[in-house]
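In this text, residue positions in the sequence shown follow the numbering used here: the first is 7, and each later residue adds one.
Where a beta carbon is used, it is the ideal one built from N, C-alpha and C, also for glycine.
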Amino acid sequence: MERSFAIRASKIFLISGIGCLALVVASNNILDYQSNFRFVQHVMSMDTVYPGNVLKYRAITEPLLHSAIYILIIFSEFIIAILCLLGALQLFRHIRDDALTFDNAKFLSILGLSCGFALWFFGFVVVGAEWFCMWQSPDWNGQESAFRFVVCIVLVLIYTVQSDKIG
Numbered sequence: 007m008e009r010s011f012a013i014r015a016s017k018i019f020l021i022s023g024i025g026c027l028a029l030v031v032a033s034n035n036i037l038d039y040q041s042n043f044r045f046v047q048h049v050m051s052m053d054t055v056y057p058g059n060v061l062k063y064r065a066i067t068e069p070l071l072h073s074a075i076y077i078l079i080i081f082s083e084f085i086i087a088i089l090c091l092l093g094a095l096q097l098f099r100h101i102r103d104d105a106l107t108f109d110n111a112k113f114l115s116i117l118g119l120s121c122g123f124a125l126w127f128f129g130f131v132v133v134g135a136e137w138f139c140m141w142q143s144p145d146w147n148g149q150e151s152a153f154r155f156v157v158c159i160v161l162v163l164i165y166t167v168q169s170d171k172i173g
């Protein structure tokens, strides 16, 4: 197997992995809706942060907004899955083409990975962990899993954007 084919195949495999991850997460959120809905409610309500936290004015306790945000999260996860899986398929179609053609076929993959970064970094680390002080909650703290997703996505994104022109 030639080196460029192996590198391209590994990129396709990794992008597909992120797409499958997003698909499983989105599906889980629909099939077991209440589990993570309660998570969103507690984070946004800031009801489990440190007592006396002066930042609790940021809390959002409106159930309709909790539902809207949760639906937006699930929708985003499905979009990430679709973009990454379609992007991987697009790359697979061009796996034996020249480097420029293969590089140009990365658009959907890069878009999907970037959307994944936006959701799990901005949505969960910036907004959830910092704005809503999720890090203070012993029970409703998703920082660790969000960080794990972000690291995996960023590593795959960095690898993917590397040019496939060898030499």
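DSSP three-state label for residue i, please.
i: V55; result: coil
i: F138; result: coil
i: N35; result: helix
i: V160; result: helix
i: A15; result: helix
i: P144; result: coil
i: K62; result: helix
i: T67; result: coil
i: S169; result: coil
i: E8; result: coil
i: L20; result: helix
So that I know if they touch, is there some Cβ in chain C lying closer than 7 angstroms to that of residue i?
i: F98; result: Of the chains in the structure shown, none is chain C; there is only one protein chain.
Here's the rule I'm using: 16 or more other beta-carbon atoms within 10 Å means buried, otherwise exposed. How should residue i be labelled?
i: V30; result: exposed
i: Q40; result: exposed
i: A87; result: buried
i: R14; result: buried
Exercise. Where are the alpha helix (DSSP H) runs, 4 residues long or more, that stay fully inside the segment 71-130, in chain order?
Worked result: 105-110 and 113-123
For this session: Mind the definition here: the segment 53-64 touches the segment 137-148 only if three or more C-beta pairs lie below 8 angstroms; say whether that holds.
Result: yes
Exercise. Can at least three beta-carbon pairs, one atom from the segment 142-152 and one from the segment 161-172, be found at a separation below 8 angstroms?
Worked result: no
Exercise. Does the segment 85-102 touch the segment 110-117, meaning 3 or more C-beta pairs lie closer than 8 angstroms?
Worked result: yes
For this session: Specify whether the segment 69-81 and the segment 16-28 touch according to this definition: at least 3 beta carbon pairs, one from each stretch, less than 8 angstroms apart.
Result: no
For this session: Report yes or no: do three or more beta-carbon pairs, one from the segment 115-134 and one from the segment 83-94, lie closer than 8 angstroms?
Result: yes
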